[in-house]
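Visitor: Each number in our numbering corresponds to the 1-based position in the sequence shown with 42 added. Using N, Cα and C, we set each Cβ at its ideal position, and we do this for glycine too. From a predicted model like this one, the values you see are computed outputs, not experimental measurements.
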Amino acid sequence: MIDILFLAYNRREFTDAALKALVANTSWSNVRRTWLYDDGSTDGTLELLRSYESADTILVQTELRSPVAITNDFLTQRDPAPVFAKIDNDTMVCPGWLEQCLDVMDRYPEIDLLGIEPMYPCEGLDRVEPRGIELADTIGGIGLMRTRAFTSLPVPDGRMGFTGWQSRNSQVKKAWINPALPVFLLNRLPIEPWATLSATYVQKGWQRAWPGPYRPGREKLWSWWDP
């Protein structure tokens, strides 16, 4: 049984799509609790999150202004399960994502952090061979994580992000799932309405600008879906 940590700050349209995908595409028999963190939203995101509250889905309101600080709060205050999934409010998970990730974590018990951003060519969920891993120095902000990895907690003041924390803790074993899962990162999709929304959110200061342009071949990561 795992916990799910869902981070949100404004971007209501992204949050709505991400939560709908999470609810529809998650095997809930594997989930103990879901923690919805709202970090001071002002655009209706908080009210949206409230509509998902239940006995096993808990809303936490903060104004920490940092995903690292939120993760720190979750780890120190919420008694997380030995494995938890960290999902941002710009991430649409695909059907079967959790079973695929748990299978990889079971087969590679030495891996502490499993990134599920589509950093490698995607393959659908009908593949015959089980997915493997690609070892990495750092992973992205979404994926499955073992609580044991966080013996030294992230700096909660926002001056050092998750990548910096990983770099300073080389003993933590990181890997990407490979082949990648068909996961949507809404703030990186160069198609409408997501591209315009991302530009708006960047202008408002609600997300960092995607550094772009895409690396050669990166556009192929989305070739499985025809908008």
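For V146, tell me which candidate among D115, L186, P124 and E159 has the shortest Cα-Cα distance.
Guide: Answer by Cα proximity: L186.
Visitor: Exposed or buried, which one is L263 when buried takes at least 16 other CB atoms within 10 Å?
Guide: Interpretation of L263 is limited by its pLDDT of 38, a score under 50 that renders its predicted location unreliable; the figure taken from the coordinates is listed afterwards. L263 comes out buried.
Visitor: Rounded to whole angstroms, what is the Cα-Cα separation between L167 and Y79?
Guide: Each residue's Cα considered, the two are about 29 Å apart.
Visitor: Does the separation of the CB atoms of D132 and N220 fall below 7 Å?
Guide: Not a contact, by the Cβ cut-off of 7 Å.
Visitor: Please report the residue range of the beta strand (DSSP E) in which M187 lies.
Guide: Looking at the DSSP string, the run of the beta strand (DSSP E) that includes M187 is G185 to R188.
Visitor: Just to confirm, are I100 and W77 a CB contact at a threshold of 7 Å?
Guide: Against a cut-off of 7 Å, the Cβ pair of W77 and I100 comes out as a contact.
Visitor: With DSSP collapsed to three states, give me the class of Q119.
Guide: Looking at Q119 - three-state DSSP - the assignment turns out to be helix.
Visitor: Quick one: using the 10 Å Cβ neighbour count with 16 as the cut-off for buried, is Q103 buried or exposed?
Guide: So Q103 counts as exposed.
Visitor: Output the distance between the C-alpha atoms of S116 and Y162, rounded to the nearest integer angstrom.
Guide: It is worth fixing the name first, because residue 116 is Phe in this sequence and not Ser. Cα to Cα, the separation comes out at about 29 Å.
Visitor: Are the segment 151–165 and the segment 177–194 in contact at 8 Å, needing three or more beta carbon pairs?
Guide: The answer is yes - the segment 177–194 touches the segment 151–165, with three or more Cβ pairs under 8 Å.
Visitor: For V135 and A63, what's the separation of their Cα atoms in angstroms?
Guide: Distance between the alpha carbons of V135 and A63: 6 Å.
Visitor: Return the residue from the list C143, A251, K216 and R53 that minimises the CA-CA distance to G84.
Guide: In the sequence on display, residue 84 carries Thr and not Gly. Comparing Cα-Cα distances from T84 to each of C143, A251, K216 and R53, the minimum goes to R53.
Visitor: Can you find the residues in the same chain that come closer than 6 Å, C-beta to C-beta, to L88, ignoring five residues on each side of it along the sequence?
Guide: Once the five neighbours on either side are set aside, the close Cβ partners of L88 are D80.
Visitor: Considering just the uninterrupted stretch of the beta strand (DSSP E) at D45, what are its terminal residues?
Guide: Unbroken beta strand (DSSP E) run through D45: I44 to A50.
Visitor: Please report the straight-line C-alpha distance between N211 and L49, rounded to a whole angstrom.
Guide: Their backbone Cα atoms lie some 23 Å apart in a straight line.
Visitor: Considering Cα atoms alone, identify which of A191, V244 and I175 is closest to N114.
Guide: For the residues A191, V244 and I175, the minimum Cα distance to N114 belongs to A191.
Visitor: Just grab the DSSP bridge partners of M134 for me.
Guide: Beta-bridge pairing links M134 to F226.
Visitor: So the alpha helix (DSSP H) W236 belongs to, where does it begin and stop?
Guide: That run of the alpha helix (DSSP H) goes W236 to K246.
Visitor: Report yes if the C-beta of M187 is less than 6 Å from at least one heavy atom of the ligand ATP; otherwise report no.
Guide: As far as ligands go, the structure on display features none, and thus does not contain the ligand ATP.
Visitor: Do A251 and W218 have their beta-carbon atoms positioned less than 7 Å apart in this structure?
Guide: Cβ distance not < 7 Å, so W218 and A251 don't count as in contact.
Visitor: Where DSSP assigns a beta bridge to F192, which residues make up the other side?
Guide: None, per the DSSP bridge assignment.
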